[in-house]
Amino acid sequence: MMKNSISASKASLVFFLYQMISALDVPLDSKLLEELSQPPTITQQSPKDYIVDPRENIVIQCEAKGKPPPSFSWTRNGTHFDIDKDEQVTMKPNSGTLVINIMNGGKAEAYEGVYQCTARNERGAAISNNIVIRPSRSPLWTKEKLEPNQVREGDSLVLHCRPPVGLPPPIIFWMDNAFQRLPQSERVSQGLNGDLYFSNVQPEDTREDYICYARFNHTQTIQQKQPISVKVFSMDSLNDTIAANLSDTDIYGAKPVTERPPILLTPTGTTSNKVELRGNVLLLECIAAGLPTPVIRWIKEGGELPANRTFFENFKKTLKIIDVSEADSGNYKCIARNILGSTHHVISVTVKAAPYWITAPRNLVLSPGEDGTLICRANGNPKPSISWLANGVPIAIAPEDPSRKVDGDTIIFSAVQERSSAVYQCNASNEYGYLLANAFVNVLAEPPRILTPANKLYQVILDSPALIDCAYFGSPKPEIEWFKGVKGSILRGNEYVFHDNGTLEIPVAQKDSTGTYTCVARNELGKIQNEVQLEVKDPTMIIKQPEYKVIQRYGHVSFECIIKHDSTLIPTVIWLKDNDELPDDERFLVGKDNLTIMNVTDKDDGTYTCIVNTTLDSVSASAVLTVVAAPPTPAIIYARPNPPFDLELTGQLERSIELSWIPGDENNSPITSFVIEYEDGLHEPGVWHYQTEVPGSQTTVQLKLSPYVNYSFRVIAVNEIGRSQPSEPSEQYLTKSANPDENPSNVQGIGSEPDNLVITWESLKGFQSNGPGLQYKVSWRQKDVDDEWTSVVVANVSKYIVSGTPTFVPYEIKVQALNDLGYAPEPSEVIGHSGEDLPMVAPGNVQVHVINSTLAKVHWDPVPLKSVRGHLQGYKVYYWKVQSLSRRSKRHIEKKILTFRGNKTFGMLPGLEPYSSYKLNVRVVNGKGEGPASPDRVFKTPEGVPSSPSFLKITNPTLDSLTLEWGSPTHPNGVLISYILKFQPINNTHELGPLVEIRIPANESSLILKNLNYSTRYKFYFNAQTSVGSGSQITEEAVTIMDEGKEDWKKEIVNGSRSFFVLKGLTPGTAYKVRVGAEGLSGFRSSEDVFETGPAMASRQVDIATQGWFIGLMCAVALLILILLIVCFIRRNKGGKYPVKEKEDAHADPEIQPMKEDDGTFGEYSDAEDHKPLKKGSRTPSDRTVKKEDSDDSLVDYGEGVNGQFNEDGSFIGQYSGKKEKEPAEGNESSEAPSPVNAMNSFV
């Protein structure tokens, strides 16, 4: 147990361990580390081979620590890289990390090279690895003419992929035109080089869409090779062809499909060689042709394949060994076998190794005059060479240091001085790579320091080990001595163990080990000591353990666990069932020293354990409970228990008494608890109060009492049915009077007027008075002033007012209870304040910074606290609009108020109106109210974009013109410079035509549009514009009238009493002009209007399949589909390009432009000239999620057609889709389907 209790103190003694035994150990104490000088240490850097995305900013990491903080510099390709001369390159503050801005015009290719970072301070220089920066590349597929593959059934076949060489290399997979992954098996599989191998072809292999895809993960680009055609000739069809071309006298007939023994398609020959690096994954491949399909088996000549690291892939055609080592070198044989024979190939594997550490150099902290070594040992194949640098400079040309001697992979230091501090670099390299490690030598001269807190208390259990810490540091390393007591002698002998880290160990602590221990640390620069305390505690014991119990079902059982422990330790008792927590069941009742289980069931059978824990030790004891069946019983009637009886008071003391009782009948439902209530016959006769509650197995209880109370008690029994009637009251017991035990609570001092102090408190309850004559002594004095306490004694009140106080000054206040027997304990003091008054001073130096057209930031200087004259609650900013700069007309002033809590000195003013003049002032606020206002500050907001025009009306339609009238914006938010009108025609199917844009001077309010098409509906978009930009738009639609020159007026005579007439025989989707005229005594009068009929609807009574128009329409649709299929086939064979941007623009608002990836929208991938990679944003649909399970099998669900969309160069273009309201567009193309790129990703 002692080991557990002392582990926390050990945890504070964590050390850096350095190479030499004579070197110093520096504890990880944050305060100490901040004070000690330290050479730089590289803490973070980019990888050696750093492939970057050419579309994103390049971040080359270099972080270092040191004391003082290091400065940073860079080299590029071996020469100094002056970042100040390149505006695209910046260095992060307090860091060496470079950020190269590619997204604002920089070219990633221009920054290719080898970079190295140096971190330097006055104690040395650390360097990073050589970081090779290369932008990723996803080149296009080479154009090639692919001839169809015609192969005889049963023959082998290889379809070559030959993907473009990218950086990093692409991932290869084969699919068909429907984006279905081509099935693979022992017969058909993809090789490591990406080629598709057929051990033997079958007629079902005939198809024209074998497509190889190359996925470049770094740029999220997928390139497609042109489809490859394979036609398999079966023997039956070949014989039929030969028979049709030869005479009966000729000898013909192709040989039937014959079985063939295996031959290897890859690798070729009987032997080959393979070199792999240590730690990498070794992949060996054998793919064989033959009929039946050969089976591949792998063996290692002269040995076994390594267990737990060997895996077979690609239907056992690929042997995979992970984490290879030199022991995996040797000959690996693959054997291909079928029923006709076998063949084999031997691959000779050689495992080489880039350098790896045996012993990397470690930081060395030395005292002046000490010796030490840096050791740098590495291994590899071939053996790496070791070279040293000092502060980034080859050690051969570095400044001389007489204390330093280089011996191969070791640097030996003798009698170092402070000037010997430096950072050394060890470089281990061979033809396969290099390792670079920084290790500093830090020479320190420091007097002793003890890091263990003074007077720290250690507590241990009797007869257990005691570990007393003395964490120290000094240079040279201090000597440690221990003393017991303030003037005790030095500790020596076998009863103590002295550890190198300063810890004193007492193997067996006894009671007389308790006391004060003094640790003394000294070196030639000084001496220091520290005292700590040790207490030895009695062990915790279970003096009455739980016992084995057998209980009938539905009975109740109790386990006891009575403990003895050290009086200064607080034990906690935990009960377990079968080494797990007790069930969450109210039948389990945990008492102070027992566990009771009510209404026992079969599932309660098991082992019950009592565990007692203190902060220093833990003990436990267990017992088994066996549940047996109860004898048959008649029907049980459950009821509330009968009330307890025969209450008896014993052991009467001034502050406690023991109450016992006899339980009443439980009425077939076990009693779960007893509730004890009391009556105070002296203060509240007839009122019963809750006292306590005990388990149902308990019939006695020790009750705590208060003085000056006339007690009587009663007991209520509780079971699952309910509560019993209360028992008869016990005899009365009057406790003696005593001084009050407590003082009033919630004492406060708050002034109600500037010249008073109101002291309030919560009065004691009747039984809290502890005796007659309860009063309160109220005392106060001004804080921070050398005044005596002023006191007054009051009764039957809970408030006292002190008059004539200064305004808002702090007071110390205390309220003490007293009665006829004396005073309560000395009360604690609280701080109150006399009354507040209004602040005297306004905030000064009010400044306004306008952030944008609707937001401003206001600053002010805080008001001195003495001038606040109260609790500072905050500041209020009053601001109001004076006038609009565009209208030059004043308006009713409506002041707005913003409150800023606390001692803030700035705030934001939102919701301002653009292009307006405002005023504001600031006032300080305390609990009394607001202070005077600061002088008004005037500020103006800049222009913003205007609101939409107040209205847009379209009148006077003619054959080719419409008249537009509009109202200026309700909120111009600046000086209007023009209006923008856009319009486009809408055909009968609601498709939008070409968009026309017109700019109109701001002083115009109407416009006549001419040269329009007759009988055509137009959609108009109209908005206003300031110098900042365009505002929101308003839309309308209108129709030009029919050409009256081409259509004759039709006339109908209508009864003069009617007010409507139904026009029949109209053409669907056509604009008509209607004129209604009335002829009477006063002459002929008429009015006109234009309307448009709706689209045609099919009649329910006519079978459309027999209608000529329907047959003609279907023929036209079939012809159109045929033409589209021919065009698609031609374009696909050429590698057609379908840019996403053209489709997105088709329905986009004219103002909307393709956005960057970080805006969350999608743009076009590229054209064939710029060769830019596919943007990441185009990989996912509009909700930016693609369920993996939906994309594992097919890509058909992600595209509109079977063939998908590809660029001319074969790169796949993901398309964004999402439902939105139609916007003005240049054409009438439909929306695209979601991208299938993610579905492709799931295949690889």
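When the count follows my numbering, it moves up by one through the sequence shown with no breaks and lands on 1276 for the last residue.
Yeah, the Cβ is synthetic: ideal placement off N, Cα and C, and Gly gets one too.
CA-CA distance, Glu478 and Phe505?
Whole-angstrom Cα-Cα distance: 8 angstroms.
For Asp227, which residues in the same chain have their Cβ closer than 6 angstroms to its Cβ, ignoring the five residues on either side in sequence?
Correct list, in chain order: Val190, His192 and Cys193.
Pick out the complete beta strand (DSSP E) segments inside the stretch 703-735, 3 residues or longer, and give them in chain order.
Whole beta strand (DSSP E) segments, 3+ residues: 703-712 and 716-727.
Considering just the uninterrupted stretch of the alpha helix (DSSP H) at Leu536, what are its terminal residues?
Where Leu536 is concerned, there is no enclosing alpha helix (DSSP H), although the beta strand (DSSP E) it sits in stretches over Leu536 to Ile538.
State the Cα-Cα distance for the pair Ile482 and Thr837, rounded to the nearest angstrom.
Spanning the two alpha carbons is a distance of roughly 52 angstroms.
Considering only C-alpha positions, which residue in the set Pro171, Pro202, Asn526 and Ile159 is nearest to Cys94?
Comparing Cα positions, the closest option is Ile159.
For Lys609 and Asn645, what's the separation of their Cα atoms in angstroms?
Approximately 17 angstroms, taken between the alpha carbons.
Go through the stretch 814-895 residue by residue and report every complete run of the beta strand (DSSP E) that reaches 3 residues or more, in order.
The stretch 814-895 contains these whole beta strand (DSSP E) runs: 822-826, 831-835, 842-851, 862-865, 876-884 and 887-893.
Answer with buried or exposed for Trp1081, where buried requires no fewer than 16 other C-beta atoms within 10 angstroms of its C-beta.
Trp1081 comes out exposed.
On the DSSP bridge list, what partners appear for Cys551?
In the DSSP output, where bridge partners are listed per residue, Cys551 has Trp514 and Asn562.
For the alpha helix (DSSP H) that Val900 lies in, which residues bound it at each end?
Leu897 to Val900 is the span of the alpha helix (DSSP H), which, as asked, contains Val900.
Does DSSP put Leu468 in a helix, in a strand, or in coil?
DSSP places Leu468 in strand when its eight states are reduced to three.
Which residues does DSSP pair with Ala498 in a beta bridge?
Paired residues: Ile538.
What residue range is occupied by the uninterrupted beta strand (DSSP E) comprising Ala386?
Where Ala386 is concerned, the enclosing beta strand (DSSP E) stretches over Gly373 to Thr391.
Going by Cα to Cα distance, which pick from Leu297, Ser361, Trp330 and Pro326 is closest to Asn312?
Checked all of Leu297, Ser361, Trp330 and Pro326; the closest Cα to Asn312 is Ser361.
Can you tell me the Cβ-Cβ gap for His376 and Lys365, rounded? I've got them flagged as a contact below 8 angstroms.
Indeed they touch by this definition, with Cβ atoms about 6 angstroms apart.
Helix, strand or coil, according to DSSP, for His1203 in the structure here?
Caution is warranted here: a pLDDT of 39 is assigned to His1203, below 50, making its placement in the model unreliable, and no coordinate value can be reported.
Would the stretch 746-758 and the stretch 825-837 be scored as touching if the rule is three or more Cβ pairs under 8 angstroms?
Output reads no: the stretch 825-837 does not touch the stretch 746-758.
When the Cα atoms are used, what is the spatial distance from Phe230 to Ala320?
Rounded to the nearest angstrom, the two C-alpha atoms are 9 angstroms apart.
When we look at the beta-carbon of Lys1207 and count the other beta-carbons within 10 Å, is it buried (16 or more) or exposed?
The predicted model places Lys1207 with a pLDDT of 38, which falls under 50 and marks its position as unreliable, so this point remains unresolved.
Give, in chain order, every unbroken run of the beta strand (DSSP E) that is at least 3 residues long and sits entirely within the stretch 936-997.
938-941, 948-957, 969-972 and 981-987, all fully within the stretch 936-997.
Is there contact here, the stretch 900-907 with the stretch 923-935, by at least three beta-carbon pairs under 8 angstroms?
Counting Cβ pairs under 8 angstroms, three or more are found: they touch.
Please report how far the alpha carbon of Trp607 lies from the alpha carbon of Val847, in whole angstroms.
If you take the alpha carbons of Trp607 and Val847, they lie about 46 angstroms apart.
Excluding five sequence neighbours on each side, which residues of the same chain lie with their C-beta closer than 6 angstroms to the C-beta of Val552?
Same-chain partners within the cutoff: Glu513 and Gln561.
For Ala246, which residues does DSSP report across the bridge?
According to DSSP, which records beta bridges pairwise, Ala246 is partnered with Ile204 and Gln255.
On a Cα-Cα basis, can you pick out the residue from Val605, Pro200, Arg152 and Val529 that is closest to Ile165?
The option with the nearest alpha carbon to Ile165 is Pro200.
Between the alpha carbons of Phe799 and Phe706, how many angstroms are there, rounded?
Straight-line Cα distance between these residues: approximately 24 angstroms.
Could you round the C-beta distance between Leu789 and Gly864 to whole angstroms and report it? I think they count as a contact, below 8 angstroms.
About 6 angstroms; that satisfies the 8 angstroms criterion.
For the beta strand (DSSP E) that Met573 lies in, which residues bound it at each end?
Element bounds for Met573: Met573 to Lys576.
Would you tell me roughly how many angstroms separate the C-alpha atoms of Gly1097 and Pro989, rounded to the nearest one?
Cα-Cα distance, rounded: 24 angstroms.
So, is Val220 buried or exposed, given that buried needs 16 or more other C-beta atoms within 10 angstroms?
It counts as buried.
Under a Cβ-count criterion, where at least 16 other Cβ atoms within 10 Å of its own Cβ denotes burial, should Thr75 be classed as buried or exposed?
Its Cβ having fewer than 16 others within 10 Å, Thr75 is exposed.
Buried or exposed for Leu947, going by 16 or more other Cβ atoms inside 10 Å?
Per the sequence shown, the amino acid found at residue 947 is Tyr instead of Leu. Per the 10 Å Cβ criterion, buried.
According to DSSP, Phe1054 sits in a beta bridge with which residue or residues?
Per DSSP, Leu1013 and Ile1066.
Report the option in Val327, Arg1049 and Ser980 whose CA atom is closest to the CA atom of Gly1063.
Ranking Val327, Arg1049 and Ser980 by Cα distance to Gly1063 puts Ser980 first.
Could you tell me the boundaries of the beta strand (DSSP E) in which Asn778 lies?
Note, Asn778: beta strand (DSSP E), Ser777 to Ile782.
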